[in-house]
Amino acid sequence: MEVTEVLQERTGAPAEGVWSAPGRVNLIGEHTDYNDGLCLPLALPLRTRVAASRRDDDLVVLSSAGFGRVLRCDLGQAGPGRPKGWAAYVVGVLWALRQAGHEVRGMELAFASNVPTGAGLSSSAALACAVGAAASDLFGLGLLGSDEGRAELAAACVRAENVVAGAATGGMDQTVSLRARAGHLLLLDCQDGAVEHIPAALPGHSLLVTDTRSPHQLLDGQYEARRRACEAAAAAAGVPSLRSLGPADLPSLLAAVDEVVGRRARHVVTENERVRAVVAALDTGDLAAVGACLTAGHVSLREDFEVTVPHLDVAVESALVAGALGSRVTGGGFGGSTVTLVAHDSVGAVREATERVFAAKGWDAPVFYAALPSGPAAREV
Ligand code: ADP
Ligand code: MG
Numbered sequence: 038m039e040v041t042e043v044l045q046e047r048t049g050a051p052a053e054g055v056w057s058a059p060g061r062v063n064l065i066g067e068h069t070d071y072n073d074g075l076c077l078p079l080a081l082p083l084r085t086r087v088a089a090s091r092r093d094d095d096l097v098v099l100s101s102a103g104f105g106r107v108l109r110c111d112l113g114q115a116g117p118g119r120p121k122g123w124a125a126y127v128v129g130v131l132w133a134l135r136q137a138g139h140e141v142r143g144m145e146l147a148f149a150s151n152v153p154t155g156a157g158l159s160s161s162a163a164l165a166c167a168v169g170a171a172a173s174d175l176f177g178l179g180l181l182g183s184d185e186g187r188a189e190l191a192a193a194c195v196r197a198e199n200v201v202a203g204a205a206t207g208g209m210d211q212t213v214s215l216r217a218r219a220g221h222l223l224l225l226d227c228q229d230g231a232v233e234h235i236p237a238a239l240p241g242h243s244l245l246v247t248d249t250r251s252p253h254q255l256l257d258g259q260y261e262a263r264r265r266a267c268e269a270a271a272a273a274a275g276v277p278s279l280r281s282l283g284p285a286d287l288p289s290l291l292a293a294v295d296e297v298v299g300r301r302a303r304h305v306v307t308e309n310e311r312v313r314a315v316v317a318a319l320d321t322g323d324l325a326a327v328g329a330c331l332t333a334g335h336v337s338l339r340e341d342f343e344v345t346v347p348h349l350d351v352a353v354e355s356a357l358v359a360g361a362l363g364s365r366v367t368g369g370g371f372g373g374s375t376v377t378l379v380a381h382d383s384v385g386a387v388r389e390a391t392e393r394v395f396a397a398k399g400w401d402a403p404v405f406y407a408a409l410p411s412g413p414a415a416r417e418v
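So the sequence shown is numbered by my numbering: it starts at 38 and just counts up by one.
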């Protein structure tokens, strides 16, 4: 059933509008966002849609296709850790907007999404940004009308995820979902939130996303542990964040800290360099160099940051063997998806090789998506 029909059936009136927000894939720049670093994501054609209407009380009534019964949450009761479950991402955005001084009331909301959840493609940000877009328009906040407004809305979505849902994510996902430009990658500097739109000039090539169906679990403490190691490394170096360090600083840092902390920091420092190298290579059209950076990024995440799992390593390996220019895990890791740069006429070979290897291991079949750089959160109807 369409989201508009769900809402009409529930409330007896047509929805006031429909909004949508995209999931994302990060081309390069992983685990850099919470280190004031650089990343280079793009918005996917996969989107979360929401039919929405205002209420004149503080009740948020919400349902989502495939997520069970209709939920009712009192916006006045929302706060750190409340409500629980998926409603946190939704009610949390309204709570954060209200905390920021915006006049926001309850809403009737019906969601549907084709962003796979827990696949590292940021279904959580797509959900939060969709409701943020709806609230901005329906309550007259005007945040979608300018990039500054969109940045403010992204910050509210980050607070919802950090404070209400209790997931310590950085700001990359919400930023790309709200501020991306179709046909472009988004170069995001997490130190100051500055963005640059980089044309996705990949003549004759595709970016292929492979959902390895090994769902990631960011809430199990591993993500927090990586954050703490990065903070410890920055503290040992006497800098506010790892962004202040370059490759030349690594030898003295590695000598000063525990071996594991050193490897975590080395990933972040070299990853910022890889983001710059990919942007430069895209500019000169050197796609082989782009691919080499992607694969080097995977090795760094496997060896230094240790966030890959066999599904991810095998997907990357089979893509490379089948002729891809480069491939890496994308998103936080511990499962999820890979992103692969591959010539159009080798896409079939990469898919078949990956399917064959997964089947031989008795794993669930991977799911593939074409990562066509798409547009940001917007009103649809
Ligand atoms: P990712 O963002 O990589 O997909 P997360 O663990 O960050 O993975 O977010 C997944 C969670 O977001 C789900 O468990 C659910 O709580 C929420 N979520 C995502 N999409 C939806 C949706 N369409 N409807 C309801 N909840 C959703
Ligand atoms: Mg998420």
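The beta-carbon is built from N, C-alpha and C at its ideal position, and this holds for glycine as well.
Can you tell me whether residue 132 is helix, strand or coil according to DSSP?
helix
Which runs of the alpha helix (DSSP H) at least 4 residues long sit entirely within the stretch 347-384? Give them in chain order.
If one requires a minimum length of 4 residues, the alpha helix (DSSP H) runs lying completely within the stretch 347-384 are 347-358, in chain order.
Spatial distance of residue 92 from residue 53 (CA atoms)
11 Å
On a CA-only basis, which of 282, 158, 306 is nearest residue 62? Give me that one, please.
158
Close-in-space but distant-in-sequence residues of the same chain around residue 278 (CB under 7 Å, 5 per side omitted):
For residue 278, where only same-chain residues beyond five positions count, the Cβ hits under 7 Å are 72, 73, 271.
Could you give the DSSP three-state label for residue 100: helix, strand or coil?
Of the three classes helix, strand and coil, the one that applies to residue 100 here is strand, per DSSP.
CB of residue 251 to nearest heavy atom of the ligand ADP: below 7 Å?
no
Quick check: the Cα distance between residue 224 and residue 138, rounded to an integer number of angstroms?
30 Å
Taking the beta carbon of residue 51 as the centre, do at least 16 other beta carbons fall within 10 Å, making it buried, or is it exposed?
exposed
Does the beta carbon of residue 206 fall short of 7 Å from some heavy atom of the ligand ZN?
Of the ligands this structure carries, namely the ligand ADP and the ligand MG, none is the ligand ZN.
Would you kindly work out how many angstroms separate the C-alpha atoms of residue 249 and residue 356, rounded to a whole number?
12 Å
Cα-Cα, which of 316, 97, 352 is closest to residue 397?
Closest option to residue 397, judged by alpha-carbon separation, among 316, 97, 352: 352.
Are the CB atoms of residue 27 and residue 55 nearer to each other than 8 Å?
Within the shown structure, residues of the chain are numbered from 38 to 418, placing residue 27 beyond reach of any answer.
Flag residue 156 as yes when its Cβ comes closer than 7 Å to any non-hydrogen atom of the ligand ADP, and as no otherwise.
yes
Who are residue 233's beta bridge partners in DSSP?
224
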